[in-house]
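S.K.:
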Amino acid sequence: RFTRKVYGTEAWCDCEGSGKHEDDNTRTVRSGGVGSRFLSALIDGGTAGVKMGLDIIPGVLIICTIVNLLTQGPG
1123 RFTRKVYGTE AWCDCEGSGK HEDDNTRTVR SGGVGSRFLS ALIDGGTAGV
1173 KMGLDIIPGV LIICTIVNLL TQGPG
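In the working numbering, the protein residues as written are 1123 to 1197.
Below you can see the structure in the form of structure tokens.
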């Protein structure tokens, strides 16, 4: 309601160009059969999971070390 008062109901648009955008939320289609695409997706997902895990580990170690030092002391 508030934005309708501020911006109105008539939208202005720039109609120049072909209307085809490069980044329009599409994905590339993998080549190959169902089995090879399935295995490729599993491998890509596993790779992404391992990379994320390795990115998270240093922060977890630092936080756990600080918590241990504060609660139990250095000795």
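Positions of the beta carbon are idealized from the N, C-alpha and C atoms, including for glycine.
1. To the nearest angstrom, report how far apart Val1182 and Val1189 are at their CA atoms.
2. Quick check on DSSP: helix, strand or coil for Val1156?
3. Return helix, strand or coil for Arg1149, following the three-state DSSP convention.
4. If you reduce the DSSP assignment to three classes, tell me which class Pro1180 lands in.
M.R.: Let me spell this out:
1. 11 Å
2. Three-state result, Val1156: helix.
3. coil
4. helix
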